[in-house]
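Down below is the structure, laid out as structure tokens.
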Amino acid sequence: MAEAPSTTRNPFTHVETPAVGVAVEDLCKSFGTFEVLKHVSFSVAPGEIFVLMGPSGSGKSVLLKHIVGLELPSSGRVTVDNRDAAAEETREQVRMALVFQAGALFNSMTVYDNLALYPREHRIADEAGIREKVMRALQILSLENAAEKFPSELSGGMKKRVAIARALVMEPQLMLYDEPTSELDPVMSATIAEIIATLKDQYRVTTIVVSHDRDLALNISDRVGILMGGELLFLGTPAELRTPTDPRVADFLNPKIDLQNPRFKKLET
Ligand SMILES: Nc1ncnc2c1ncn2[C@@H]1O[C@H](COP(=O)(O)OP(=O)(O)OP(=O)(O)O)[C@@H](O)[C@H]1O
Ligand SMILES: [Mg+2]
């Protein structure tokens, strides 16, 4: 991994810490006989936004889970800040936050308590300090009025933003988002994309985003990877993504709807 060129600025204390890099080296993962990830290698430089795309079931979420140590490689290695991602100590030494695909909020707790959970458990500050951090994170995500609501009272877009706010309260050096714009309308998707880009620009948090959203990849990423059938078929810049050489990648990015498909004909009867 190259020398870290930048630092992460804590959104709350504004203290600067070195930004961290991520390296995935020849990663293979099987569940039983089913090979989900096949020799995947790429690295994300400190302070970079990397967008990982790919069809449903291609292994994107499984790959993210390896980076935060929730899955262990069958072979190969994942490092965060040059430390083994699978090691418990790494999660103590590097602050990383994963925004889960389904939000993973606690339904029995208010938005405020969902956000305060991590700092309370880790005794990061006293209650007044925690309130300040939580309200600041809610403000960044335009959620000040949602603090006392329960997750069941929120729209899908609000839940996504609460999940991001909760990750932000952890003051991460590495942010991972799993499908942050799925199920959102185009305006809300653009807002979430802006938030991700702003967090990276202002705080230089190393960011990995899993998404099907081609516009998001083209607009906010420094580099893009495309995973298909567990293999990384494309690794390059957003500009290179506009002219992919691999036909499988081109088909994924520009799917053609075949109205002559015999399956559609059956629907007409
Ligand atoms: N714990 C597990 N045990 C067995 N199989 C698993 C497990 N986790 C994931 N898989 C399988 O691995 C494959 C990849 O799953 P993954 O969740 O990574 O897909 P994905 O690319 O994130 O898809 P989507 O875009 O639909 O979220 C799927 O076939 C899934 O069923
Ligand atoms: Mg997934």
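Throughout, our numbering is defined as the position within the sequence shown, counted from one, plus 2.
Ideal Cβ placement from N, Cα and C applies to all residues, glycine included.
- Comparing alpha-carbon positions, the option among M177, S60, H214, S77 lying closest to T200 turns out to be M177.
- Counted as a single uninterrupted DSSP element, the beta strand (DSSP E) harbouring L237 occupies residues 233-238.
- Between L218 and A195, the CB-CB gap stays under 9 Å.
- One thing to note: K161 has its Cβ no nearer than 9 Å to the Cβ of L100.
- The region 39-59 and the region 216-230 touch, with three or more beta-carbon pairs separated by less than 8 Å.
- Exposure of T247 is indicated by the presence of fewer than 16 other C-beta atoms within 10 angstroms of its C-beta.
- Under DSSP, S32 shares a beta bridge with E37.
- A straight-line Cα-Cα distance of about 49 Å links D86 and L261.
- Scanning the region 87-173 for uninterrupted alpha helix (DSSP H) segments of 4 residues or longer gives 90-95, 113-123, 129-142, 158-171, listed from N- to C-terminal end.
- Ligand 2 has a heavy atom closer than 8 Å to the beta-carbon of V212.
- Nearest Cα to I197 within the set Y120, L234, L145: L145.
- Secondary structure remark: continuous beta strand (DSSP E) runs of at least 3 residues inside the region 195-263, in chain order: 208-212, 225-230, 233-238.
- Remark: C-beta atoms of L235 and R250 approach each other more closely than 9 Å.
- If you compare the alpha carbons of G158, V136, I210, H124 with that of Y179, the shortest gap goes to I210.
- In the pairwise beta carbon analysis, the region 128-140 is classified as not touching the region 68-85: fewer than three pairs are separated by under 8 Å.
- Closer than 8 Å to some heavy atom of ligand 2: that does not describe the Cβ of D215.
- The beta carbon of R93 is closer than 8 Å to those of V70, G71 in its chain, skipping five residues each way along the sequence.
- Between the alpha carbons of M98 and R265 lies a gap of roughly 45 Å.
- Within the DSSP secondary-structure output, T81 pairs in a beta bridge with A25, D86.
- Counting only beta-carbon distances shorter than 5 Å to the non-hydrogen atoms of ligand 1, the qualifying residues in chain order are F33, V38, S58, G59, S60, G61, K62, S63, V64.
- Taking the C-beta atoms as reference points, F44 is found nearer than 9 Å to L237.
- For L229, the closest alpha carbon among the candidates P20, V38, C30, S60 is that of S60.
- Listed in chain order, the non-local C-beta contacts of V207 below 8 Å within the same chain comprise T10, A21, G49, P174, Q175, L176, M177, L201, local neighbours out to five positions each way being set aside.
- Shortest gap from the CB of E242 to any heavy atom of ligand 2: 8 Å or more.
- E181 has its CB nearer than 8 Å to a heavy atom of ligand 2.
- Assignment of V70 by DSSP, reduced to helix, strand and coil, places it in the coil class.
- The Cβ-Cβ distance between V46 and L29 does not fall below 9 Å.
- When DSSP reads this structure, S45 sits in a beta bridge with A25.
- For G227 against L39, the beta-carbon gap comes to about 12 Å, at or over 8 Å, which does not count as contact.
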